[in-house]
Structure formats: structure tokens, C-alpha cells
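In our numbering, the protein residues as written are -1 to 184. Every residue, glycine too, gets a C-beta built ideally from N, C-alpha and C. Computed from a predicted model, the values in this text were never measured in an experiment. See below for the structure under consideration.
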Amino acid sequence: MTQQQLLLRLIELDAQIARLEEQHQRNGLSAFEDRLARLRQEWDVKLAARTQLEADIEAGEAHFDQDTLLNKMLELDELQPQLPGLQASLVEVEQELEEARPEEAERLALLASRLEAFNRERAEVVGQLPSEINLAYTKNRRVDEVKQSRCRCRLEVPDHYLRQLRAGHAWVCNACGSLLVQNLNP
Ligand SMILES: [Zn+2]
């Protein structure tokens, strides 16, 4: 492979690796976890409200007037039937989360093995490039095309290097440090 081909492959690999790493960092369970957190919070709030209402009603007329007590009873009557449904939802989402775990683990393992393969190939590509080219690539994270015999900094590339570029070699501009190849889309 020419240096140009190696560099083009390196760019491709880095894009793939970045994409896979992003997917690997994403939490595939967060939708379940968010729903579960919301349901748990609702459950806690309603449970606390029920405990309070029951305590107030038990305290009775010694602490509250009849209207207030009646309202509290109505409120409890309204609250009570909501709890079993809420509990059922909680159990359901907990179950869904547990069921999703193996699939998520599988997804992450697959991504990890693909990342490993790409990183291995990347190391091979880097190993075939001269260190000054690797250094320039690491520093700039970009490769440019020579255009009208010039670098992006407008420096005219010497004939000798133009011929090397046409032969598939890469060149590091000695004025601006850009990494040049003949053609980015051969
Ligand atoms: Zn330059």
C-alpha cells in the first residue's frame, strides 16, 4: 500500500473508531432507567401522602375540624386505588430493565470486539508509515490534497516532492506542517 492509501485507510479507521466509541459510551438502558426512576419517585410521593393522610385521619377530631377530616378521607379514597396500578407498572418496568440487560451486554461486547479489530488494524497501518508522517497526522488530525502544486499555506511544493506525491507518497510541508497527499478521493 502507498502512503496515500495508508493515510486514507487511517482516516477511515479513525472515523469508524470514533463512531463505535460513541455508541459504546451510550447507555442502552437509560430509557428504562429513567422510566423506573420516575415511577419510583411517584411511588414514594404517593406512599408518603397516604401515610400522612392515614395519620391525620387517625388523629381525628382532636386535631382537625370535620370538613378538613372529610376532605382528607376523600383524598385518601382517591389515592388508595392508584397504588396497585403504580406498583404493577413498577414491577413491569423493573422486569423490562432486567430483560434488556443481556441484550445491552451483548451490544457492548460486539462493539468492544469491533473496536478491538479496528484498533489492531490501525496499529498495523501506523506501523507502516514513517514516524514523521504519523507525527504530522497525530498533530493535525487531517490530511490535505496538494492543489496546483501548492500546500494549503500556499507554499509551492518542490518538483522532487511533487513527483513523490504523484507516486503515492505523503509529504509534510516544511513551512506549515500540513500533511499532503496527491488525492484524497482516488
Ligand atoms: Zn504548508
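Task: Element boundaries [beta strand (DSSP E), containing L127] - done: Unbroken run through L127: none, as it is neither H nor E.
Task: Pocket of ligand 1 (residues with CB nearer than 5 Å to any heavy atom), chain order - done: Residues flagged by the Cβ proximity filter: C149, C151, L153, C171, A173, C174 and S176.
- [ ] Out of A165, V170 and E97, state which residue places its alpha-carbon closest to the alpha-carbon of V155.
- [x] V170
Open item on the list: For a minimum of 4 consecutive residues, which ranges assigned as the alpha helix (DSSP H) are wholly contained in the stretch 41 to 125?
Closed with: 64 to 77
- [ ] Can you grab the Cα-Cα spacing for the pair N25 / R139, in whole Å?
- [x] Here the alpha carbon of N25 sits roughly 28 Å from the alpha carbon of R139.
TODO: Just grab the DSSP bridge partners of K137 for me.
DONE: None, per the DSSP bridge assignment.
TODO: Would you check if the distance between the CB atom of L88 and the CB atom of W41 is smaller than 8 Å?
DONE: yes
Task: Whether P21 touches L109 by CB criterion (8 Å) - done: The displayed chain sequence assigns Gln, not Pro, to residue 21. Cβ atoms of Q21 and L109: closer than 8 Å.
- [ ] Classify L163 as helix, strand or coil using the three-state DSSP reduction.
- [x] DSSP places L163 in the helix class (H, G or I) of the three-state scheme.
Open item on the list: I'd like the list of long-range same chain contacts for F116, defined as Cβ closer than 8 Å, with 5 residues on each side in sequence excluded.
Closed with: L11, Q14, I15 and L18
Open item on the list: Rounded to whole angstroms, what is the Cα-Cα separation between L6 and A86?
Closed with: Their Cα atoms are separated by approximately 55 Å.
Task: CA-to-CA distance, L113 to R120, given in whole angstroms - done: Straight-line measurement puts the Cα of L113 at about 10 Å from the Cα of R120.
- [ ] Tell me whether Q146 counts as near ligand 3, meaning its Cβ is closer than 7 Å to at least one heavy atom of that ligand.
- [x] As presented, the structure is devoid of ligand 3, carrying ligand 1 as its sole ligands.
Task: K44 versus E56: straight-line alpha-carbon distance, rounded - done: 18 Å
- [ ] Tell me whether A53 is buried or exposed, calling it buried when 16 or more other Cβ atoms sit within 10 Å of its Cβ.
- [x] exposed
- [ ] Hey, could you find the ends of the beta strand (DSSP E) L186 is sitting in?
- [x] Because the chain in this structure spans residues -1 to 184, residue 186 falls outside the shown range and cannot be described.
- [ ] Determine, using beta carbons only, whether G166 and T0 come nearer to each other than 8 Å.
- [x] One thing to note: G166 has its Cβ within 8 Å of the Cβ of T0.
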